[in-house]
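K.L.:
The sequence shown begins at 5 in the numbering used here and counts up one residue at a time.
From the three backbone atoms N, C-alpha and C, an ideal C-beta is built for every residue, glycine too.
Before I ask anything, here is the structure I am working with.
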Amino acid sequence: MSPRINLCSALRQGSAYTHSFFHQVKALTERGYELGSVTVVVDGESLTDPTLLEAQTDPRVNFVFEGPRGAPTCFMHERSIAWARTGNLALDASLTTPSEHTLWVESDLSFPCDLIELLMEPNQDIVAPIVMLGENFYDAWGFRDLAGQRVANLAELQALPRGPGALTELSSVGSCLLFRTSLLDKGVRMPAGYEKGLLVGFCLAARDIGARVFCRHDVVIVHPTSLWAEQVYRVTSCRIGDAQTWQELAPAGGAIVAGPYFDFVIPEAVRLLECSAGAAKTAADVAYAFNARREIAILLGDGKALPPAPEGFGSATAPQPMPKPTPKLPPAKASWWSKLLSR
């Protein structure tokens, strides 16, 4: 009997990539395995998306409802609690269908029809493909070497020691991974936390009980560039001063953050202070505001008052302390994110 593989993911109703995701799932070849359940966590408490209603006609597809959204948060740790809960809802629900392996794949990724069979072939505990964004390595957050250091780019990944075949052993991966379902039976789940949580934490917990994690270099999937560009935020304004007098610091190259969270905004504020000419180099606190165009305005104050947000931006979030002393940073260089978006 062929081994059974369950697939798990999560998506938002009405997402631009919903049709593509289910089309790819249907296109998966089943050479050497049987595709079992397809468990997808969706927002809300009932299906309203026509594409999801259509997908529900496939008896393998099982939707799990996330329920009402919680209050917005300004911190990645708090956001990661919701993300971990969502992921674990899918993993737990998938266990109602017995399987030998489980594939977790982010629903906005583009993957080939032979993805599962290629990840099964090495017969390892956890195997991930390389995920690319255009010509750039996408999984720089999730991929960590055996020392726990992030793998920043494709060159760093290719420089790591190779094992048998096209495999490199890592401490964690991200975005897409095939793993033995027995890990779920042993209690491995996605923990909350940004630095060592979610899929990174899942891999670390698996390694704690003896599992090994690998990347297969000759299997590549893609994160669509336009979808990624719609998820990031541009820093278009950075003001330092107070409610009466302030100075505008022009955001230099690379003024892009991964989301409206202090975890990303504060390092960018520090960088802008260090790179500014003729401006104060320190600030006591930082806040930010953003608008519907995914633009962020950073506001730097003296601990007593903040500059006002530019016209068209929402109310500023509660201020947070700036790092003291401000660390010295190298001169600004345009990141590959900004280079990609400028094309």
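So the candidates are 244, 260, 253 and 225; which of them puts its Cα closest to the Cα of residue 234?
P.N.:
Taking the first residue of the sequence shown as position 1, residue 234 is located at position 230. Ranking the options by Cα distance to residue 234, first place goes to 260.
K.L.:
Between 240, 317 and 119, which has its C-alpha nearest residue 37's C-alpha?
P.N.:
Locating residue 37 in the sequence shown gives position 33, counting from the first residue. Out of 240, 317 and 119, 119 has the C-alpha closest to the C-alpha of residue 37.
K.L.:
How should residue 61 be labelled, buried or exposed, when 16 other C-beta atoms within 10 angstroms of its C-beta is the threshold for buried?
P.N.:
As a first step, residue 61 must be located in the sequence shown, where it is residue number 57. Exposed, by the Cβ-count rule.
K.L.:
Report the CB separation of residue 320 from residue 292 in whole angstroms; it is logged as a contact under 8 Å.
P.N.:
Numbered from its first residue, the sequence shown carries residue 320 at position 316. Numbered from its first residue, the sequence shown carries residue 292 at position 288. Contact flag correct, Cβ pair sits at about 7 Å.
K.L.:
Work out the CA separation of residue 13 and residue 59 for me, nearest whole Å.
P.N.:
Here residue 59 refers to the residue found at position 55 of the sequence shown. Here residue 13 refers to the residue found at position 9 of the sequence shown. So the two alpha carbons sit approximately 14 Å from each other.
K.L.:
Kindly indicate which three-state DSSP category residue 251 falls into: helix, strand or coil?
P.N.:
For the purposes of this step, residue 251 is taken as the residue at position 247 of the sequence shown. Residue state, collapsed to three classes: strand.
K.L.:
According to DSSP, is residue 205 part of a helix, a strand, or is it coil?
P.N.:
As a position in the sequence shown, residue 205 is number 201, starting the count at 1. Three-state result, residue 205: helix.
K.L.:
Who are the near neighbours of residue 250 in its chain, counting only those whose CB is closer than 7 Å to its CB and skipping five residues on each side?
P.N.:
Position 246 of the sequence shown holds residue 250. The residues are 243, 244 and 311.
K.L.:
List in chain order: all unbroken alpha helix (DSSP H) runs of 4+ residues lying wholly within the segment 59–142.
P.N.:
80–98 and 119–124
K.L.:
Please report the distance separating the alpha-carbon of residue 5 from that of residue 214.
P.N.:
For the purposes of this step, residue 5 is taken as the residue at position 1 of the sequence shown. For the purposes of this step, residue 214 is taken as the residue at position 210 of the sequence shown. Their Cα atoms are separated by approximately 27 Å.
K.L.:
To test your reading of the DSSP string, which unbroken alpha helix (DSSP H) runs of 4 or more residues are found completely within the segment 159–228?
P.N.:
186–189 and 202–212
K.L.:
Thinking just about the alpha-carbon of each residue, which of 63, 34, 316 and 94 is nearest to the one in residue 294?
P.N.:
Position 290 of the sequence shown, counted from the start, is the residue given in the question as residue 294. Considering only 63, 34, 316 and 94, the residue with the shortest C-alpha distance to residue 294 is 316.
K.L.:
Out of curiosity, what's the CA-to-CA distance linking residue 56 and residue 26?
P.N.:
Sequence index remark: in the sequence shown, residue 56 carries index 52 (1-based). Sequence index remark: in the sequence shown, residue 26 carries index 22 (1-based). Taking the straight line joining both Cα atoms gives about 9 Å.
K.L.:
Going by DSSP, name the residue or residues bridged to residue 13.
P.N.:
Residue numbering aside, residue 13 sits at position 9 when the sequence shown is read from its first letter. Answer is 44.
K.L.:
Measuring straight from C-alpha to C-alpha, what distance separates residue 79 and residue 268?
P.N.:
What you label residue 79 is simply residue 75 of the sequence shown in a count that begins at 1. What you label residue 268 is simply residue 264 of the sequence shown in a count that begins at 1. Taking the straight line from one Cα to the other gives about 9 Å.
K.L.:
Rounded to a whole number of angstroms, what is the C-alpha to C-alpha distance between residue 72 and residue 101?
P.N.:
Against the sequence shown, residue 72 aligns to sequence position 68. Against the sequence shown, residue 101 aligns to sequence position 97. Approximately 26 Å between the Cα atoms of the pair.
K.L.:
Applying the 10 Å Cβ sphere with the 16-neighbour rule, what's the burial state of residue 264?
P.N.:
Position 260 of the sequence shown, counted from the start, is the residue given in the question as residue 264. Under this definition residue 264 is a buried residue.
K.L.:
Output the distance between the C-alpha atoms of residue 286 and residue 270, rounded to the nearest integer angstrom.
P.N.:
The residue labelled residue 286 in the question sits at position 282 within the sequence shown. The residue labelled residue 270 in the question sits at position 266 within the sequence shown. Put simply, the backbone Cα of residue 286 is about 12 Å away from that of residue 270.
K.L.:
Once you ignore the five residues that flank residue 241 on each side, which residues in its own chain have a CB closer than 6 Å to its CB?
P.N.:
Working through the sequence shown from its first residue, we reach residue 241 at position 237. For residue 241, where only same-chain residues beyond five positions count, the Cβ hits under 6 Å are 301 and 314.
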